[in-house]
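> Below is one structure. I have some questions about it.
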Amino acid sequence: MPHELPALPYAHDALEPHIDKATMEIHHGRHHKAYVDNLNKALAGSPLEAKSICDLVREIATVPDNIKGPVRNNGGGHWNHSFFWKLMAPGAGGAPTGDLAAAINAAFGTFADFQAKFEAAGLTRFGSGWAWLVVNGGKLEICSTANQDNPLMGKAVAGCEGKPILGCDVWEHAYYLKYQNKRADYLKAFWNVVNWAEVAKGFAAAK
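Just add 1 to the spot in the sequence shown (first one is 1) and you have the numbering used here.
Take a look at the structure:
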């Protein structure tokens, strides 16, 4: 089966006023769709067509050189965005609780310290990319990747490694309509829509 664009788990305007309707329509319906379409085009006729998006991303180093670039960029874009939509929810935000909250405090000091470090990862990513919270070797770490790379691709490819449990898209298409060049404002607004229940589920599974 070709890879498919997943439906958004909420309406395009559900994350207002923090993430605007127009951005969500374009981000999901055009940008994410383009990654899916271009991934399917790159894989057409290849034995890799049958692989899941998770396996493609994890095994990116073994993809044949003639399609590795398109699969890395578009496969990464498809995985990252499919993950990203679920990490946000209307009426979400606040702070995590339970085991996840305890792990964040243990790793970073306080929740506020964690937020500052996560925002810094997004702010200092030059050009386009992502900020991530990952479980690596049983420990929480913050890192960032360029373009549509993600930590599942491994350190040799993406520059960091681990199981992502939270990610924030810092490509300009994720925020420019509302926030223009103010990436810092967008990163602060992101906390108002983080679906901590979903992040906690990922944390429990990653452990």
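Don't be surprised by glycine CBs; every beta carbon is placed ideally from N, CA and C.
Should C55 be labelled buried (16 or more other beta-carbon atoms within 10 Å of its own) or exposed?
It is exposed - the Cβ of C55 has fewer than 16 other Cβ atoms within 10 Å.
> V58 lies in the alpha helix (DSSP H); which residues open and close that run?
Segment I54 to R59, the alpha helix (DSSP H) holding V58.
> DSSP has I166 in a bridge; who is on the other side?
In the DSSP output, where bridge partners are listed per residue, I166 has none listed.
> For L9, collect the residues of the same chain with a Cβ closer than 6 Å to its Cβ; drop the 5 residues on either side in sequence, then sort them by chain order.
Taken in chain order, the residues that qualify are H29 and W86.
> Restricting to Cα atoms, I'd like to know which of M2, I20, V135 and S145 is closest to P48.
The option with the nearest alpha carbon to P48 is M2.
> Assuming S83 is part of the alpha helix (DSSP H), what are its boundary residues?
Residues G77 to K87.
> Buried or exposed, going by whether 16 or more other CB atoms sit within 10 Å of the CB of P65?
Classification of P65: exposed, given that the 10 Å Cβ count is below 16.
> Across which residues does DSSP place G130 in a beta bridge pair?
DSSP lists A147 as partners of G130.
> Taking D66 as part of the alpha helix (DSSP H), name the residues at either end of that continuous run.
Segment D66 to P71, the alpha helix (DSSP H) holding D66.
> Near D150, what residues of its chain come up, given a Cβ to Cβ distance below 8 Å and the 5 sequence neighbours on each side ignored?
Hits under 8 Å: R73, G77, G130, W131, V158, A159 and G160.
> Is T24 buried or exposed, if buried means 16 or more other CB atoms sit within 10 Å of its CB?
So T24 counts as buried.
> CB-CB under 7 Å to G22, same chain, minus the five flanking residues each way: which ones, in chain order?
What sits at residue 22 in the sequence shown is Lys, not Gly. Same-chain partners within the cutoff: H13 and D14.
> Hey, how far is the Cα of D186 from the Cα of V136?
Distance between the alpha carbons of D186 and V136: 26 Å.
> Would you verify that the beta carbon of A157 is, or is not, closer than 9 Å to some beta carbon of chain C?
Absence of chain C from the displayed structure is noted, only one protein chain being present.
> Have a look at the DSSP bridge pairing and note the partners of E142.
V135.
> Could you check where the alpha helix (DSSP H) with L40 kicks off and where it finishes?
Run containing L40: K34 to L44, per the alpha helix (DSSP H) assignment.
> Suppose the cutoff is 6 Å on Cβ atoms and the five residues either side in sequence are ignored; what does the same chain contact list for Y214 look like?
What the structure shows of the chain is the stretch from 2 to 208, and residue 214 is not part of that stretch, so it cannot be assessed.
> Would the beta-carbon of E162 fall within 9 Å of that of G168?
Not a contact, by the Cβ cut-off of 9 Å.
> With distances taken between CB atoms, is the gap from R107 to L57 smaller than 9 Å?
Reading off the sequence, residue 107 comes out as Ala, not Arg. No, Cβ-Cβ distance for A107 and L57 is not below 9 Å.
> Let me check understanding here. Comparing Cα to Cα, which of H174, G139 and L153 lies closest to F84?
Nearest option by C-alpha distance: L153.
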